[in-house]
Structure formats: structure tokens, C-alpha cells
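Number of protein chains: 2
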Amino acid sequence: MPPAFQITARDSASCARAGVVTTAHGPVMTPVFMPVGTRGTVKSLTPHELRDHGAQIILGNTYHLYLQPGHELIARRGGLHHFMAWDGPILTDSGGFQVFSLVYGGIADEIKGRRPQHAERLTDMVRVTEDAVIFKSYLDGSRHVFTPERSIQVQHGIGADIMVCFDELPPFRAGYDYTAQSMERTHRWAARCLAAHHERPRATLPNRDQLLFGIVHGGVFPALRQASAEHISSMGFDGICIGGSLGADKPQMYDVVAMTVPHLPENLARHLLGVGDVDDLFEGVARGIDMFDCVSPTRLGRHGTALVRDPARRWKLNVSNAALREDDGPLQSDCPCYTCRTFSRAYIHYLYRAKELLAIRLLSLHNVAFLLNLMAEVRQALAEGRFADCYAAWLGKPLG
Amino acid sequence: MPPAFQITARDSASCARAGVVTTAHGPVMTPVFMPVGTRGTVKSLTPHELRDHGAQIILGNTYHLYLQPGHELIARRGGLHHFMAWDGPILTDSGGFQVFSLVYGGIADEIKGRRPQHAERLTDMVRVTEDAVIFKSYLDGSRHVFTPERSIQVQHGIGADIMVCFDELPPFRAGYDYTAQSMERTHRWAARCLAAHHERPRATLPNRDQLLFGIVHGGVFPALRQASAEHISSMGFDGICIGGSLGADKPQMYDVVAMTVPHLPENLARHLLGVGDVDDLFEGVARGIDMFDCVSPTRLGRHGTALVRDPARRWKLNVSNAALREDDGPLQSDCPCYTCRTFSRAYIHYLYRAKELLAIRLLSLHNVAFLLNLMAEVRQALAEGRFADCYAAWLGKPLG
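Chains as they are written, first to last, in full-length UniProt numbering: chain A, 1 to 400; chain B, 1 to 400.
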């Protein structure tokens with residue numbers, strides 16, 4: 001395998017860069033947004049639609065796939081690529097994030113610093129030891145134990161091209177001391193993940209050329225972020241994820257990225273986990289992030305929101321709004337997606353109000369395509385030295 | 001316009017025939033099955049998928065489209081073809097069937113002779129006079145009045161290529177006297193529909209070349225079916241629907257068809273409303289039916305059933321069956337649909353159990369394609385003088 005990441009362009013006015021991640025199922029041009037197929041399907045869409053609309057790589061969630069249908073069944077089917085009929089690159093998270101975030105009542109609440117409604121349920125649903133996380137299934141309440149070794153074993157069975165180390169997700173309100181202890185444990189778990197990955201005979205796996213990304217923690221504390229970035233970067237991973245609590249709001253998240261990236265090596269790709277708002281993509285790229293994933297385009301679609309090129313609306317259009325009732329235009333003018341090439345706002349407004357499944361399909365497809373096209377524009381701008389112009393055109397304000 | 005229907009082949013051993021219905025949006029090769037897009041969308045599927053899988057014509061429901069989004073809005077959007085992006089032929093029913101069947105608690109109960117659970121609700125939800133049907137909306141309880149003229153006005157606004165006359169649907173248990181009176185009223189309404197259609201200036205309509213089909217009633221009574229067939233056939237319609245109560249079971253439905261068809265002219269296409277089981281399609285064709293429609297392929301898909309070529313299973317496979325858990329084969333071997341070309345039974349079993357929307361899409365697409373391909377086989381067999389062989393191969397028993 002060639003080096004996992006090669007840089008092809010840099011922006012002169014920011015930390016932004018373009019590059020290529022090389023995987024067993026083909027190259028991924030960065031910066032990249034990856035649609036999330038939580039349970040082996042990007043909700044309501046086919047793999048061919050994703051490919052036709054520019055998806056290069058998708059993400060699967062280890063936690064969900066482990067619980068149903070199970071990594072062993074997926075491995076017997078030839079791995080997730082074959083099972084779901086997606087022949088491009090796949091990344092799986094470690095399962096750690098999901099184990100905790102589903103218990104916390106949605107990571108959005110945590111990241112945004114809102115106190116969980118039932119914090120006492122945490123101890124009932126999940127328990128952390130030095131060795132493992134013990135949790136109950138969201139499906140049937142059954143008891144499960146995840147260790148770093150188990151996470152890698154599960155990810156080996158799924159067969160994604162990029163795996164991620166198993167980590168603990170401390171609550172945002174944990175404070176410096178707990179965050180530091182949790183970070184140290186995540187570092188020890190990172191070493192166990194690496195060992196588990198390299199000990200496994202590759203010939204038994206559905207995908208023999210899996211990459212393994214480390215994950216940087218440290219919460220909102222600059223000293224911890226620096227320590228974690230330097231530690232994880234020294235361990236020999238194929239790339240780096242920025243995980244853990246990212247702060248209470250968007251400015252704090254941007255600060256966390258800015259305090260982490262300078263301590264990462266240039267020659268490893270950097271993935272900011274679970275981020276996909278339009279402004280966050282630009283701010284992440286400007287601070288040196290290469291890879292993003294988020295459920296937002298399909299989740300927004302299921303809830304009747306279309307992404308549009310309008311910063312004044314925060315890039316969101318509520319399709320059930322009565323103003324669309326007789327609007328014969330597309331969701332977004334000049335959008336090349338199937339939805340916008342084919343259907344009017346009036347039709348989609350009607351379908352959504354009538355609770356027709358096709359509304360969800362058409363909105364999900366548009367929203368995914370919208371972010372994929374946005375990132376293609378960003379890559380093109382970086383290649384042509386115009387990133388600041390692209391940023392200003394999208395966000396309606398200058399870069400920096 | 002050329003004659004609306006031309007016969008291209010006849011079977012020597014039955015009343016089956018092949019032909020072409022000519023419409024403003026192109027020809028329809030018969031015998032044909034038309035997928036039902038109740039509310040301007042064949043549930044979960046795009047018009048391009050339908051076309052790619054062989055759909056020639058689809059059906060829209062006047063009752064639903066009238067209530068939401070309304071025929072006037074559809075007309076302002078350029079008609080249903082443009083609104084839903086389907087440029088092939090469309091047929092709309094008259095609304096009568098829906099007004100009654102939704103009140104009766106599902107027409108399947110009625111056709112099968114099961115007594116409605118709450119027959120007293122009928123008078124509350126719908127009332128019939130010589131002039132009109134007064135009914136309450138299933139959406140919001142609002143009061144509406146449908147007359148034959150109103151039904152045609154609504155169907156003019158929708159702009160389908162084939163319209164159907166407004167009729168009263170008497171309950172199956174109505175008996176001879178009520179069925180005869182109701183049939184006479186339906187005949188008077190047929191004359192009013194014809195007049196309303198011909199009086200309207202075509203230049204104001206989204207589709208200037210709409211055909212109008214009459215509808216034959218008479219319940220299960222041979223004398224009434226003959227009288228209705230002869231009366232409706234003499235009125236100058238572009239084609240004939242067989243409607244009304246079709247009996248308590250499949251044999252009685254076949255009898256109703258057999259007692260009606262001989263009294264219809266050869267040169268008009270015949271549509272058996274709301275029928276789409278595999279055996280019913282063959283038995284209908286054998287008795288001289290040219291056109292069929294049914295919600296079954298998409299409804300079965302939403303409920304986890306795949307159509308398969310197996311009379312012993314009544315052509316149905318329950319995809320949530322545990323036997324499919326590790327089945328790497330397609331839903332139906334040799335099926336050319338996207339679902340069967342791409343995905344395994346194991347994946348669809350998993351998706352359906354996980355309640356993923358993609359399961360509904362993939363099953364709906366397969367089931368629709370399955371019936372479209374079946375009818376293409378029937379047409380080919382008729383053209384080649386092999387209908388009896390085709391019947392025997394599908395139903396596992398000889399024709400006749």
C-alpha cells in the first residue's frame with residue numbers, strides 16, 4: 001500500500017489543504033464529507049444513487065452493526081461492502097461514541113452542554129472500567145461488553161477500509177481531572193487497539209488492507225488536546241480522528257480544532273467526527289481538517305428540511321412552509337441532483353405534507369448531494385488557490 | 001386521434017387477446033398491469049424507476065388528489081404528468097369507489113363479503129342521492145359533494161389520459177333490488193359524465209385529449225351484468241371498466257367477469273378495477289380483460305412481502321422469515337429488477353427487520369417490476385400463440 005495520505009494543494013491564507021487518502025477500495029479526494037450509513041444503509045438511499053451523486057466514502061456505525069445483524073453475519077456475507085452492495089471505501093467508527101451518546105440522550109445535547117434529563121440512567125445503561133465498557137443494548141436491553149480488542153475484532157468482521165480506535169467519551173461537564181484521566185485511558189486503549197489489529201491474521205478477514213485511525217481526546221483543554229495530539233500521532237496510526245467533547249457551541253468547537261491541529265503531523269489525514277453543518281465544514285477545512293461525517297443530511301431530510309445555498313437561512317429550508325405550495329422551482333437552483341433536476345418545491349411540499357415516503361427519499365438525496373457538491377467545490381477552489389473566495393461566497397463573510 | 005384500442009393477437013383456447021390502447025401520452029400495450037400512485041406517487045418509487053422497470057401507465061386516485069393537494073392546484077402546475085414528473089399515460093378513477101370503500105372500512109372486506117364492523121358509520125360518513133354523493137374527508141372530516149359533473153371537472157384538472165365515469169358502489173350484501181336500482185343510477189350518471197366531458201372547452205385543460213371509460217355494474221347478477229354491459233357499451237365511451245361488487249371470493253369474481261365480457265364490444269379496451277393477484281391477472285386475461293390496476297405490489301412491499309414465482313406459496317415470500325437470514329440469493333432468481341440484480345435476501349431480511357426505509361423501497365420496486373414483467377411475458381406469449389403454456393407455467397395447472 002502507498003502512504004495512506006498525500007497532500008496535493010495548500011491554501012495560503014489558512015490551514016486548509018487538499019489531498020488523497022488511499023484505501024483498499026480506491027482513493028478518497030479530500031477535503032471530503034462522508035454520508036453516514038448507520039446500519040449499513042444511508043437511510044432511504046441506494047448505494048448507486050450515492051455513487052451517482054458523488055459520494056466517495058461512507059461511514060458505518062460499529063455499535064449498531066454489532067447489535068444487528070452482527071459482525072459475524074456480515075463477515076460470512078463477505079463483509080459490509082458486499083452485504084450492502086457499496087464497492088467504494090467505508091469507514092467504521094469504534095462503537096465507543098455510540099455506546100455513550102445513546103445513553104447520554106443524544107450527543108448533540110452533550111456537545112451543546114445541556115444536562116442530560118436522566119443522568120442517573122447512565123450508570124444503569126453503561127459502566128466503564130479500565131478494561132472495558134459494559135452496556136445494555138438499545139434494542140432489547142441485553143448486556144454487552146466492549147473492550148478495545150473486541151471493537152477491533154468487530155471492525156475486522158465488518159471489513160471497513162478505515163477503522164477507528166475504541167475510546168471513552170467523557171461527558172462535557174466532566175471537568176479537567178476526569179477528562180485527563182479519561183484521555184489517559186483512551187491512550188492506553190489506543191495501544192491495545194493497535195496491538196489487536198496487528199496480531200490478527202489478515203488472511204481470515206473480508207478486507208485484508210484495513211487502515212486504523214487513532215483518536216485524539218482532551219475535551220476543551222488546550223494542554224490536554226496538545227498532549228493527546230502528540231501522543232496519538234507518535235503511535236503509528238494511518239490517520240487521526242478528533243473526538244471527545246468538542247465544547248458547548250460552534251466557536252468552542254472551532255477553538256478545539258485550532259488547539260489540536262498544530263500538534264498533528266502533516267502527513268496524516270485528519271477526521272473531525274460527527275460534524276456536517278455548512279459553516280462547520282468550512283471552518284473545519286480552514287483549520288486543517290480533511291474528513292467529515294454527519295447524519296444531518298438524511299436526518300434533516302426525514303424531518304422535512306432541505307439544504308439551500310443561503311447563509312441568511314442557516315442553509316435550511318422547511319419544505320412544509322406554505323410559501324412553497326405553488327413554487328414551481330427546484331429546491332435549489334442550479335443543483336444538479338436528481339431531485340432538483342426532476343421535481344418542484346410544490347410537489348415536494350405536497351409529498352411531505354401527505355407523509356409520502358418519496359418525500360424523504362427526495363429530500364435525503366438532495367441534502368446528501370448538496371454537501372457532496374459543496375465539498376467538490378471546496379476541493380476545486382483549493383486546487384485553484386481560491387479557497388478564501390469559496391469560503392466568502394458560501395458563508396457571506398470573509399475568511400479569517 | 002386513432003381508435004383508442006386495436007387488437008393485435010388473440011388466443012385460440014380462451015378469450016385472451018393482446019392489443020394497443022392509444023393515449024395522448026403514448027401507446028399502452030395490453031394486457032397491462034398499471035401500478036397505483038394513489039396520491040400522485042407510486043409509494044416510495046420514482047417515476048424514472050417505474051419507467052426503467054417497464055411501467056407503461058400508472059393510476060392516480062381522483063378522491064385522494066381532490067382532497068390533497070386539490071385538482072385546481074394540480075391544473076395550475078400543468079396537470080398531474082408535469083406535477084409528478086411522469087410523462088407516460090395516466091388513468092384516474094372517478095373517486096366514487098374511494099368515497100365508498102374508505103367508509104366501508106376497506107373494499108377487500110366488502111368484496112369478500114365480510115360485514116363492515118361499523119355499518120352504522122356509513123350514513124354518517126357518506127350519503128347518496130339521485131344527484132350526488134355527500135361525504136366527509138378522511139383527512140379532516142370536512143364535508144364534500146361529488147356529482148358526476150364534479151368528478152369529470154376534477155379529472156379534467158388532474159389531466160389523466162384516461163378518465164372513468166363516476167359511479168355508486170353498492171355494498172356486496174345489497175341484494176338484487178338495491179343493486180339494480182344502483183346500477184340504473186350509475187347508468188344515468190354515466191350519461192351526465194359524458195355530457196360534462198364533451199361540454200367542457202378542451203383548450204382550458206392541461207390535457208386536451210382525455211379518453212373517458214364507462215363503468216359496468218350489476219353486482220353478481222348475470223341479468224344485471226348483461227344489461228349494464230350492453231347499456232354502457234352503447235353510449236360511446238372510449239373503453240369499459242368492470243366495477244361494482246365482484247363477489248365474495250375469487251371464483252365468484254371470475255364468474256362476474258365471464259358473465260360480463262361476452263356482452264362487451266370487441267373494439268373497446270376492458271379494465272378490471274382494483275385486481276392484481278398473480279392468479280387473478282391470468283384468470284382475467286383468459287376471460288378477455290385487457291387492463292388491471294392494484295395497490296398490492298407496493299402495499300405488500302411495505303408489509304415485508306416479496307412476490308416470487310411459486311404458486312405453492314401463493315406467489316408470496318415473507319422477507320422477515322428467519323430462513324432468509326443467511327440467504328445470499330436474490331428475492332427471485334433471474335428477476336431483472338434493480339433489487340434482485342443488486343441485493344441478497346439476507347440484506348433485505350436485515351433491512352426490513354431493522355425497519356429501514358430502504359427495505360420498503362427495494363421490496364416495492366421488486367414487486368412492481370415482478371407484475372410488469374409477468375404481463376410482458378403474457379403479451380409475448382399471446383403474440384406467439386403460447387398463452388396456455390404461459391398460464392400453465394405460472395399457475396401450475398392447465399388453462400380452462
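In this text, a Cβ means the ideal position worked out from N, Cα and C, and glycines have one as well.
Test item: CB-CB of Gly159 (chain A) and Pro206 (chain A) under 8 Å: In the first sequence, the residue the question calls residue 159 (chain A) occupies position 159. In the first sequence, the residue the question calls residue 206 (chain A) occupies position 206. Closer than 8 Å, so yes.
Boundaries of the beta strand (DSSP E) in which Arg143 (chain B) is found, first to last residue: Taking the second sequence and counting its residues from 1, one reaches residue 143 (chain B) at position 143. That run of the beta strand (DSSP E) goes 143-146.
Applying the 10 Å Cβ sphere with the 16-neighbour rule, what's the burial state of residue 407 (chain A)? The structure shown does not extend to residue 407 (chain A), since chain A is modelled only from 1 to 400, so the question has no answer here.
Going by DSSP, what residues sit across from Arg10 (chain B) in a beta bridge? As a working mapping, residue 10 (chain B) is identified with position 10 in the second sequence. B:Arg17, per the DSSP bridge assignment.
Under 9 Å (Cβ pairs) to chain A, residues found in the region 316-339 of chain B: Contact annotation: in the region 316-339 of chain B, residues whose CB is within less than 9 Å of a CB in chain A are Arg325, Glu326, Asp328, Tyr338.
Using a Cβ-Cβ cutoff of less than 7 Å, which residues in the same chain neighbour Gly301 (chain A) once the five nearest sequence positions on both sides are dropped? Residue 301 (chain A) sits at position 301 when you count from the first residue of the first sequence. Answer for Gly301 (chain A): Ile360, Leu363, Ser364, Asn367, listed in chain order.
Say whether chain A places a C-beta atom closer than 8 Å to the C-beta of Pro201 (chain B). Within the second sequence, residue 201 (chain B) is the residue found at index 201, counting from 1. No, because no Cβ of chain A sits closer than 8 Å to the Cβ of Pro201 (chain B).
Taking only runs of the alpha helix (DSSP H) that begin and end inside the region 189-222 of chain A, which ones reach a length of at least 4 residues, in chain order? Those alpha helix (DSSP H) runs which fall completely within the region 189-222 of chain A and span 4+ residues do not exist here.
Going by other Cβ atoms of all chains shown within 10 Å of its Cβ, with 16 needed for buried, is Gln155 (chain B) buried or exposed? Here residue 155 (chain B) refers to the residue found at position 155 of the second sequence. In summary, Gln155 (chain B) is buried, with 16 or more beta-carbon neighbours lying within 10 Å of its beta-carbon over all protein chains present.
Quickly, what does DSSP pair Ile240 (chain A) with across the bridge? List them, please. Position 240 of the first sequence, counted from the first residue, corresponds to residue 240 (chain A). Beta-bridge pairing by DSSP links Ile240 (chain A) to A:Gly214, A:Arg270.
Could you tell me which chain A residues have their CB closer than 9 Å to the CB of Glu356 (chain B), listed as they occur along the chain? As a position in the second sequence, residue 356 (chain B) is number 356, starting the count at 1. The contacting residues are Arg39, Gly40, Thr41, Lys43, Ser44.
Quick check: the region 241-250 of chain A against the region 214-229 of chain A, are there 3 or more CB pairs under 8 Å? Yes: the two stretches touch, three or more of their Cβ pairs being nearer than 8 Å.
With DSSP collapsed to three states, give me the class of Phe387 (chain A). As a first step, residue 387 (chain A) is located in the first sequence; it is residue number 387 there, counting from the start. Phe387 (chain A) carries a helical assignment under DSSP once its states are collapsed to helix, strand and coil.
Identify every residue that forms a DSSP beta bridge with Lys136 (chain B). The residue you call residue 136 (chain B) lines up with position 136 of the second sequence. Under DSSP, Lys136 (chain B) forms a beta bridge with B:Arg143.
Here's a check: name, in chain order, each residue in its chain whose Cβ is nearer than 7 Å to the Cβ of Val145 (chain A), leaving out the five neighbours to either side. Locating residue 145 (chain A) in the first sequence gives position 145, where the first residue counts as 1. If you ignore the 5 residues before and after Val145 (chain A), its C-beta comes within less than 7 Å of the C-beta of Ala132, Ile134, all in its own chain and listed in chain order.
Return no unless some Cβ of chain B is closer than 8 Å to the Cβ of Ile289 (chain A). For the purposes of this step, residue 289 (chain A) is taken as the residue at position 289 of the first sequence. No, Ile289 (chain A) does not count as interfacial toward chain B.
Host alpha helix (DSSP H) of Val278 (chain B) (start-end): Taking the second sequence and counting its residues from 1, one reaches residue 278 (chain B) at position 278. Annotation: the continuous alpha helix (DSSP H) that includes Val278 (chain B) extends over 278-286.
List, in order along the chain, the chain A residues whose C-beta lies closer than 7 Å to that of Pro69 (chain B)? Position 69 of the second sequence, counted from the first residue, corresponds to residue 69 (chain B). In chain order: Tyr350.
Beta-carbon spacing of His263 (chain A), Phe213 (chain A) below 8 Å: Here residue 263 (chain A) refers to the residue found at position 263 when the first sequence is read from its first residue. Here residue 213 (chain A) refers to the residue found at position 213 when the first sequence is read from its first residue. At least 8 Å separates the beta-carbon of His263 (chain A) from that of Phe213 (chain A).
Is there at least one Cβ from chain A nearer than 8 Å to residue 401 (chain B)'s Cβ? One cannot answer for residue 401 (chain B) here, as it falls past the ends of chain B, which runs 1 to 400.
Taking 8 Å as the limit between beta carbons, can you name the residues of its chain near Thr41 (chain A), skipping five residues before and five after? Counted from its first residue, the first sequence places residue 41 (chain A) at position 41. Taking Thr41 (chain A) as the centre and dropping the five residues before and after it, the same chain places the C-beta of Met84 closer than 8 Å to its C-beta, in chain order.
Using only the alpha-carbon positions, how far apart do Met125 (chain A) and Arg51 (chain B) sit? To locate residue 125 (chain A), count along the first sequence from 1; it is residue 125. To locate residue 51 (chain B), count along the second sequence from 1; it is residue 51. Straight-line spacing of the CA atoms in Met125 (chain A) and Arg51 (chain B) works out to 49 Å.
Taking 8 Å as the threshold (beta carbon to beta carbon), is Ala85 (chain B) in contact with chain A? For the purposes of this step, residue 85 (chain B) is taken as residue 85 along the second sequence, with counting starting at 1. Yes, contact with chain A.
Three-state secondary structure (DSSP) of Glu180 (chain A): As a position in the first sequence, residue 180 (chain A) is number 180, starting the count at 1. At residue 180 (chain A) the sequence reads Ala, which differs from the Glu that was named. In this structure, Ala180 (chain A) counts as helix in the three-state DSSP scheme.
Can you tell me whether Val164 (chain B) is helix, strand or coil according to DSSP? Here residue 164 (chain B) corresponds to residue number 164 of the second sequence, with the count starting at 1. Here Val164 (chain B) sits in strand by DSSP.
Rounded to the nearest angstrom, what separates Trp315 (chain A) and Leu307 (chain A) at their Cα positions? If you number the first sequence from 1, residue 315 (chain A) lands on position 315. If you number the first sequence from 1, residue 307 (chain A) lands on position 307. Approximately 5 Å between the Cα atoms of the pair.
Exposed unless 16 or more other CB atoms sit within 10 angstroms - verdict on Glu149 (chain B): Residue 149 (chain B) sits at position 149 when you count from the first residue of the second sequence. Result: buried.
With a 10 Å radius around its C-beta and 16 neighbouring C-beta atoms as the bar for buried, classify Thr30 (chain A) as buried or exposed. For the purposes of this step, residue 30 (chain A) is taken as the residue at position 30 of the first sequence. Result: buried.
Got a sec: is the Cβ-Cβ distance from Ala376 (chain A) to anything in chain B below 8 Å? The sequence position of residue 376 (chain A) within the first sequence is 376, counting from 1. Judged by the 8 Å Cβ criterion, Ala376 (chain A) is not in contact with chain B.
Shortest alpha-carbon distance to Cys335 (chain B) belongs to which of B:Leu45, B:Asp389, B:Arg299, B:Ala376? For the purposes of this step, residue 335 (chain B) is taken as the residue at position 335 of the second sequence. In this structure, B:Ala376 is the residue among B:Leu45, B:Asp389, B:Arg299, B:Ala376 with its C-alpha nearest to the C-alpha of Cys335 (chain B).
Pairwise C-alpha distance: Thr38 (chain B) and Lys43 (chain A): Here the question's residue 43 (chain A) lines up with position 43 in the first sequence. Here the question's residue 38 (chain B) lines up with position 38 in the second sequence. When rounded, the distance between both Cα atoms is 24 Å.
Taking a Cβ distance cut-off of 8 Å, strictly less, list which residues of the region 2-25 of chain B are near chain A, in chain order. For chain A, none of the residues of the region 2-25 of chain B brings a beta carbon within less than 8 Å of one of its beta carbons.
Does any CB atom of chain B fall closer than 8 Å to the CB of Ala346 (chain A)? If you number the first sequence from 1, residue 346 (chain A) lands on position 346. Yes, contact with chain B.
First and last residue of the beta strand (DSSP E) that includes Lys43 (chain A)? To locate residue 43 (chain A), count along the first sequence from 1; it is residue 43. In the DSSP annotation of this structure, Lys43 (chain A) is not part of any beta strand (DSSP E), being labelled neither H nor E.
On the three-state DSSP scale, how would you describe Asn373 (chain B)? Residue numbering aside, residue 373 (chain B) sits at position 373 when the second sequence is read from its first letter. Asn373 (chain B): helix per DSSP, three-state reduction.
Taking its Cβ as the centre, do 16 or more other Cβ atoms sit within 10 Å of Gln181 (chain A), making it buried, or is it exposed? By 1-based counting over the first sequence, the position of residue 181 (chain A) is 181. With fewer than 16 other Cβ atoms within 10 Å, it is exposed.
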